[in-house]
Each structure stands twice: as structure tokens, then as C-alpha cells.
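Note sheet for the following structure.
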Amino acid sequence: MKKMEWIFKLFLIIMYCTMLVNAQDKPRGEVVGSPKSGFRFEFLLELDDVESKIVSLAEAIPANKYKWRPDKGVRSVSEVFMHTGDVNYLLSAAVGVKIPDGVDRNMEKAITEKSKVIEFLKSSFEHIRKTVMKIPEGELDKSAKLFGRETTIRGILFNAALHLHEHLGQSIAYARINKIVPPWTAAEQARQQKNSRK
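The numbering used here puts the first residue of the sequence shown at 702, with every later residue one more than the last.
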């Protein structure tokens, strides 16, 4: 009997420790009531990843490169980041969430200062995250319109993910042309170099 009690106590300790680890290992941006499975859960995981990369790249590019553009008539570094944030708000509006006062399409050209661009980017990601949290899973197939064509709320969120990755790729190209290694690549290279010394 004592052996069974010991096994039961060990089981409870393991369960308690597992709960503690899981509580400390929540994905960034998770709030109470966030989905644990389904399309919204997958979207939010992708959003966390792409936000981390876009924001860290925006922080890694020096302020004196924010006005750089690869050619005349092409978006500058700051304009790409501002456009990315702007569309986060625009696509949220397409599913029925009001764009906050003070956010408008002219900001892409008006805001070029690095700290303000990064602040706008971060707030736009938080806005689209909250938008997704408000959408009931059962409404994802509800009809919606995007740029005049018929789609669904799921389709709009799918477009949001595609748009973010499109401009992540563009931003990586801009950084590489300016001899800036993306932070996540630099971290992986440093890790590999450290391991090769062992």
C-alpha cells in the first residue's frame, strides 16, 4: 500500500511541475481565453513568429538607412514597415473592427523616424491580434468583402498572413543589400559557431 501511495504522490508532483512549466512557457502575446486549437490558434502562432522577425529586423536596421530605397519610385525601408503596419489595420477593418482614430493611409509617407515606425508596427500587430481574438471560430466562414471581391473572414486572415510574409521577405532583401544580417540568422550563426568550437 505504501508503494502505491508513493507512486500516487510522485504522479501528483510530476503533474504539478508540468503545470508550472506550461504556465511559464506561454507563447508571446497569449492572453486568457486565447484559442488552443483551430485556425485562429494557428494564425496567432504565425503572427507571433512573423511579428518577431519583422520587428527585430526593423530594430536592426540603422536609423540612417530608413530613407534608403532600392530604386526611384519604390518604397523606402520606413515605407515598407509603415505599409506593413497600415495593412494590419486595414485588414482588421475588413472583418469589422474599427481602425483607431489617428491611423490613416498618409502615415506611410509621413512617419519616417525609426522609433516611431517601430512603435506603429508594434501597435498594428497588437491590433490585429486583438481582432483575431474577438472573432468566434464559428464565424470564420462568414461572407466578407476584400478590395471589392467576395471572400470569407478566414480568407481575409489568410490574406493578412500572406501580406506579412511578403513584406518580411522584402525587408530581408532590403537588409541584405545594406549588409545587415537578419537577427534570427545572426543568432543561429553564432550558435553554430559556438558549437563548432566544442
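For glycine and all other residues, C-beta sits at the position ideal for the given N, C-alpha and C.
K895 in three-state terms, based on DSSP: As a working mapping, residue 895 is identified with position 194 in the sequence shown. Three-state DSSP puts K895 in a helix.
Nearest candidate by alpha-carbon position, reference G739, set K895, M834, S824: For the purposes of this step, residue 739 is taken as residue 38 along the sequence shown, with counting starting at 1. The option with the nearest alpha carbon to G739 is M834.
CB-CB length for A764 against F782, believed under 8 Å: For the purposes of this step, residue 764 is identified with residue 63 of the sequence shown, where counting begins at 1. For the purposes of this step, residue 782 is identified with residue 81 of the sequence shown, where counting begins at 1. Not quite, the Cβ-Cβ distance comes to about 12 Å (not below 8 Å), so this is no contact.
H969 versus Y875, L791, V778, R877, residue with shortest Cα-Cα distance: Look at the range of the chain in this structure, 702 to 899, and you will see that residue 969 is not part of it.
Within 8 Å, strictly: CB atoms of I881 and I762: Within the sequence shown, the letter at position 180 stands for residue 881. Within the sequence shown, the letter at position 61 stands for residue 762. Against a cut-off of 8 Å, the Cβ pair of I762 and I881 comes out as a contact.
C-alpha distance - M808 paired with G774, whole-angstrom precision: Translated into positions along the sequence shown, residue 808 becomes position 107. Translated into positions along the sequence shown, residue 774 becomes position 73. The straight-line gap from Cα to Cα measures roughly 17 Å.
Backbone secondary structure at S847 - three-state DSSP: As a position in the sequence shown, residue 847 is number 146, starting the count at 1. Sequence inspection shows Leu at residue 847; the Ser mentioned does not correspond to that position. In the structure shown, L847 sits in a strand (DSSP, three-state: E or B).
The region 841 to 861 / the region 804 to 823 touching (three or more Cβ pairs under 8 Å): no
Coarse secondary structure for T853, derived from DSSP in three states: Start at 1 with the first residue of the sequence shown, and residue 853 comes out as number 152. Three-state DSSP puts T853 in a strand.
Y767 - DSSP class collapsed to helix/strand/coil: Reading the sequence shown from its first residue, position 66 is the one you call residue 767. Coil.
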